[in-house]
Amino acid sequence: MSAPEFTRPAPVDVVHHSHLTGVFEPQREEVDVGGLDVIGELPGDLQGAYLRNGPNPRFDPIGSYIYPLDGDGMVHRVEVTGGTARYTNRFVRTPMVEAEEKAGHVIWPGVTDLYTPGVEEVGPELAGRPRELPDINVVRHSGRLLAMAETSLPYRLNPEDLSTLGPDNCDGAMSVGSTAHPKIDPVTGEMVLFNYMLEAPYLTWSVVAADGSAARPPTAVDGVDTPLMIHDMALTRRYIVLMLCPLVFDMAAVLTGGSVLDWRPEKGTRIALIPRDGGRVRWLTCDAYWVWHFANAFDLPDGRVSVDYVEWTYPGGFAKAPAPSTGSLVRVVIDPESGHLTKDVMSDRDVEFPRVDDRELAAPHRAIATVGKLDVSRGRQDSLWFFDTVRGTQCHWDPGSVSVGEPIFMPGAQHEYWGMIGTDRNDMSSWFFVLPAEDPGSGPMAKVRLPIRVPAGLHGAWLPAQ
Ligand SMILES: [Fe+2]
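Residue numbers (this note's numbering): 31 to 496.
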């Protein structure tokens, strides 16, 4: 039941909201179209599907809309077969989306608004529950195709038509939820994940075996006494790497009209190395910084751990600070025994969405691709940046008037590629780009015209044909 002091909030001003207009404007149409027009040539050795999730509210929101936390999920798929392409998109239909579709209008508010609908409006099953948000990522593991949320359960999708099958706790490996960024070890086939909670024990980790069974149920991480927001993780053969930045949930502040998340830099950022064999957690404390995303991590022969990630001075949008937050691609090398740490900056160009070849996760990787900022007047995601970690070189692709999303590595039978979706800010046409991994700075070898506009979104995966 909704608390009596919280009333149904007013509509969000969608016309003037920066994350509900332009390349972010929600798409409400669902289509399935084959034989798409291609400029250039799609490589014949590339067989599979590129999938991407992202916030896309089913109806114009009420209360608040905080990107990237709010919005319903919409999964976009570009299937590539024999040099041809097919596009399909579907909403992730949670019970909340279904109830709103039945009503024909929005019912649930944004994530920071405490109003929830009552039993008279949505029935006893949904009354008092917040909106579920499986809109962040999409992963495939052990036959499950999962639209991932943060802190709540993923929703399983039908891999044929992307229809929603329902929430899935992965054989109990997830109790109440999971990070949106679980990591799949390409050697063992295990999917390793963590989950943070507002109540003790605040942080757990779990393992789903290659066959889909729960290899480790949710296991408390000792040494965490505060509810913190933690978005991503890294994995090595020996460790789970978590960075506990001081973005603290403050529920008491919410009840007095304050912010649900409070940036407390005086607490510093704590790095946890959690042995995958269940051994003692190693902790290091540094000056405060913020992390959304990791590229990858791996063990060095001498026992140290190398971690590549994007480091921000503070979480923009969630913390008051005198200067803009800047994002850098960083490599940190940690000695788990001495606690000694060295840090090198690979790029300070406000990069984000770092990705590697997923076959190299938990091992040394050859390359990292990110989105970045080339021209400050064009917005953040105006270019793609590629870092060759073997040669120590970097290059970029300037897509002109196109805003580009997360690059995904796509291995073909003979060659390797990077794929991503972008939208032209001039005419709002959306495209699927294929770049050669050998020389990504040369730009796309093929661009596929998508039949509808695809809003700028978050994360996804390349699913090789099986
Ligand atoms: Fe993310």
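Virtual Cβ for every residue (Gly too), placed ideally from N, Cα, C. Fair warning: this is a prediction, and the values are worked out from it, not measured in the lab.
- If you check the C-beta of Asp-387 against ligand 1, you find no heavy atom less than 7 angstroms away.
- Screening all residues for a C-beta within a distance smaller than 7 angstroms of any heavy atom in ligand 1 leaves Ile-166, Asn-167, Ala-210, His-211, His-261, Asp-262, Trp-322, His-323, Leu-488 and His-489, in chain order.
- When C-alpha distances from Phe-462 are compared across Leu-371, Trp-448, Val-254 and Leu-265, the shortest belongs to Trp-448.
- Under DSSP, the beta-bridge partners assigned to Met-440 are Tyr-447.
- Within the DSSP bridge table, the entry for Gly-103 names Pro-85 as partners.
- Two segments are said to touch when three or more pairs of C-beta atoms, one from each, lie closer than 8 angstroms; by this definition the segment 409-419 does not touch the segment 229-249.
- Residue pairing by DSSP puts Ala-115 in a beta bridge opposite Val-110.
- Of the candidates His-370, Ala-325 and Gly-202, the residue whose Cα lies closest to the Cα of Ala-397 is Ala-325.
- Where Ala-129 is concerned, the enclosing alpha helix (DSSP H) starts and stops at 125-133.
- Under DSSP, Trp-313 forms a beta bridge with Ala-302.
- Asp-90 sits close to Pro-41, with the two beta carbons spaced by under 8 angstroms.
- Taking C-beta atoms as the reference points, Lys-373 and Val-381 fail to come closer than 8 angstroms.
- In chain order, Thr-146 place their CB closer than 7 angstroms to the CB of Arg-159, counting only its own chain and leaving out the 5 sequence neighbours on each side.
- Per the Cβ contact rule, the segment 472-492 is in contact with the segment 65-83 (3 or more Cβ pairs under 8 angstroms).
- In the three-state DSSP reduction, Met-221 falls in the strand class (E or B).
- Take the alpha-carbon of Val-217 and the one of Pro-139: they are about 42 angstroms apart.
- In the DSSP assignment, Glu-382 falls outside any alpha helix (DSSP H) and within the unbroken beta strand (DSSP E) covering 382-385.
- Close CB contacts of Gly-471 within its chain, under the 8 angstroms cut and outside five residues either way in sequence, are with Phe-416, Cys-425, His-426 and Trp-427 (chain order).
- At least 8 angstroms separates the beta-carbon of Asn-199 from that of Gly-490.
- The Cβ-Cβ distance between Pro-231 and Met-221 does not fall below 8 angstroms.
- Where Val-149 is concerned, the enclosing alpha helix (DSSP H) starts and stops at 149-152.
- Assignment of Met-273 by DSSP, reduced to helix, strand and coil, places it in the strand class.
- Ranked by Cα distance from Pro-345, the first of Gly-253, Tyr-97 and Pro-494 is Tyr-97.
- Residue range 281-285 is occupied by the alpha helix (DSSP H) that includes Val-284.
- Taking a contact to require three or more Cβ pairs closer than 8 angstroms, the segment 150-157 and the segment 170-177 do not qualify as touching.
- Within 10 angstroms of the beta-carbon of Ser-48 lie fewer than 16 other beta-carbons, which makes it exposed.
- Around the Cβ of Gln-411, a 10 Å sphere holds 16 or more other Cβ atoms; the residue is buried.
- Between Leu-291 and Leu-272, the gap from beta carbon to beta carbon reaches 8 angstroms or more.
- Bridge partners of Lys-477 according to DSSP: Ile-69 and Phe-463.
- Here Asn-188 is exposed, its C-beta having fewer than 16 other C-beta atoms within 10 Å.
- Val-335 carries a strand assignment under DSSP once its states are collapsed to helix, strand and coil.
- The continuous stretches of beta strand (DSSP E) do not include Ile-92, and DSSP gives it neither H nor E.
- Rounded to whole angstroms, the separation of the alpha carbons of Pro-73 and Gly-452 is 19 angstroms.
- Look at Arg-408 here: in three-state DSSP terms it is helix.
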